[in-house]
Structures are given as structure tokens and as C-alpha cells.
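Engineer: Residue numbers (the numbering used here): 673 to 778. Here a beta-carbon is modelled for each residue, glycine too, at the ideal position from N, C-alpha and C.
#1: Inspect the beta-carbon positions of residue 701 and residue 729 and report whether they are closer than 7 Å.
#2: Under a three-way DSSP split, which group does residue 707 fall into?
#3: Report all residues from its chain with a CB closer than 8 Å to the CB of residue 723; omit the five preceding and five following residues, and keep chain order.
#4: In angstroms with no decimal places, state the Cα-to-Cα distance between residue 716 and residue 681.
#5: Can you give the Cα-Cα distance for residue 683 and residue 726, rounded to whole angstroms?
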């Protein structure tokens with residue numbers, strides 16, 4: 673099955689009306705990392721759904737970063753207002769690794 677934002681949101685048990693809003697606003701997997709509180713508020717009228725989406729996005733980014741980083745790499749994640757703000761990688765990460773990790777997270 674092709675990974676789409678709709679499929680991913682269904683996997684996270686997001687209500688169909690919210691999934692429809694994401695799709696009608698052309699929100700793709702590449703845009704999920706870019707969503708801030710204001711944009712999420714427009715897409716999701718329910719606070720619980722917004723929190724669930726924020727938590728799931730952050731968990732997915734972190735899991736992917738940990739999976740793709742080498743054992744000798746230390747990952748630190750910084751959050752602001754519930755959103756992943758930045759990731760610091762320390763150690764033998766190689767050139768472009770952080771970009772590759774984050775761009776492949778979705």
C-alpha cells in the first residue's frame with residue numbers, strides 16, 4: 673500500500689473528517705514536519721486530535737532517527753510547544769546524515 677498522509681492518519685486512528693481536511697488542503701507526508709500549532713488548529717478542531725497528531729509525528733521522527741543513526745552516535749531531541757524543534761547528533765554521523773534522517777522520516 674502506498675504511504676499517503678491519509679493512510680498514515682488512519683493508522684494513528686485520526687477521525688475521517690480530519691483526514692479529509694488534510695487531504696483537501698493538499699497536506700502531504702512531506703508537509704507533516706512543517707505543521708505548527710496554528711496550522712494544526714485550522715486542520716483539527718479538536719484539541720485531543722491535535723495532541724495525538726503532534727505526539728505521533730514526533731514519535732515517528734525520533735524512532736526513525738534512532739533507527740538510522742549509528743551506535744556511536746548520540747541523539748538529543750529538543751521540543752518547543754510540543755513540536756520537535758531540533759535534533760543534535762554527536763559522533764560519527766557522516767555528511768548529510770541529519771538531513772537524510774529527517775527527510776526520510778515520512
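Structural biologist: Short version:
#1: no
#2: coil
#3: 754
#4: 12 Å
#5: 14 Å
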